[in-house]
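Residue numbers (this note's numbering): 384 to 542. Report on the structure given below.
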């Protein structure tokens with residue numbers, strides 16, 4: 384039997400205590416142990432951004448962090464952003480500006496941008512391009528994503 388470590392982690396406001404193998408990735412813990420499949424795994428090297436979640440409010444690549452490193456921390460996944468009846472402004476903006484196609488990369492973009500817009504509520508287009516530089520999309524060409532970020536910034540400023 385493999386060695387396990389007890390962790391306590393809060394995910395989307397809910398406290399979890401689990402025994403995990405030390406080598407278990409946070410992305411796998413979120414998806415497989417907790418059943419929160421909105422966090423996607425693409426490259427498994429932290430390059431594509433699909434697995435981005437917030438750890439203590441900061442965007443991190445969950446495929447490059449072990450679950451044991453999340454012990455005692457607050458994690459937010461895309462499931463925490465809104466509900467079908469009350470979308471987060473970034474979710475609504477992605478819909479309104481047609482900023483997604485297949486949707487695989489979308490959760491990572493959303494979580495990256497929630498953190499980014501919290502720090503920079505009025506970004507320029509160049510700043511938006513820099514903010515999403517580490518998130519890859521194979522479908523959209525990024526134009527509509529940039530437009531969605533501009534709209535989300537406006538929506539968030541008016542709330």
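Each residue gets a CB set at the ideal place from its N, CA and C atoms; glycine is no exception.
- Looking at the DSSP output, residue 469 sits in a beta bridge with 466.
- Judged by DSSP in its simplified three-state form, residue 422 adopts coil rather than helix or strand.
- Taking C-beta separations shorter than 8 Å and ignoring five residues to either side along the sequence, the partners of residue 490 in its chain run 421, 422, 423, 433, 435, 460, 461, following chain order.
- Between the alpha carbons of residue 476 and residue 484 lies a distance of about 14 Å.
- Contact holds between the segment 443-456 and the segment 387-407, because three or more Cβ pairs, one in each stretch, are under 8 Å apart.
- In terms of Cα proximity to residue 530, the closest of 509, 470, 396 is 509.
- DSSP places residue 529 in no beta strand (DSSP E) but in the uninterrupted alpha helix (DSSP H) bounded by 526-540.
- DSSP, reduced to helix, strand and coil, places residue 402 within a strand of the structure shown.
- By the 16-neighbour rule on beta-carbons within 10 angstroms, residue 425 is buried.
- Buried is the label assigned to residue 474, since at least 16 other Cβ atoms lie within 10 Å of its Cβ.
- Secondary structure remark: continuous alpha helix (DSSP H) runs of at least 4 residues inside the segment 429-488, in chain order: 472-479.
- Residue range 388-394 is occupied by the beta strand (DSSP E) that includes residue 390.
- By the neighbour-count definition (other C-beta atoms within 10 Å, threshold 16), residue 466 is an exposed residue.
- For residue 514, the uninterrupted alpha helix (DSSP H) run begins and ends at 508-514, by DSSP.
- Within the same chain, 413, 460, 462 come within 6 Å of residue 419 by CB-CB distance, once the 5 residues on both sides are set aside.
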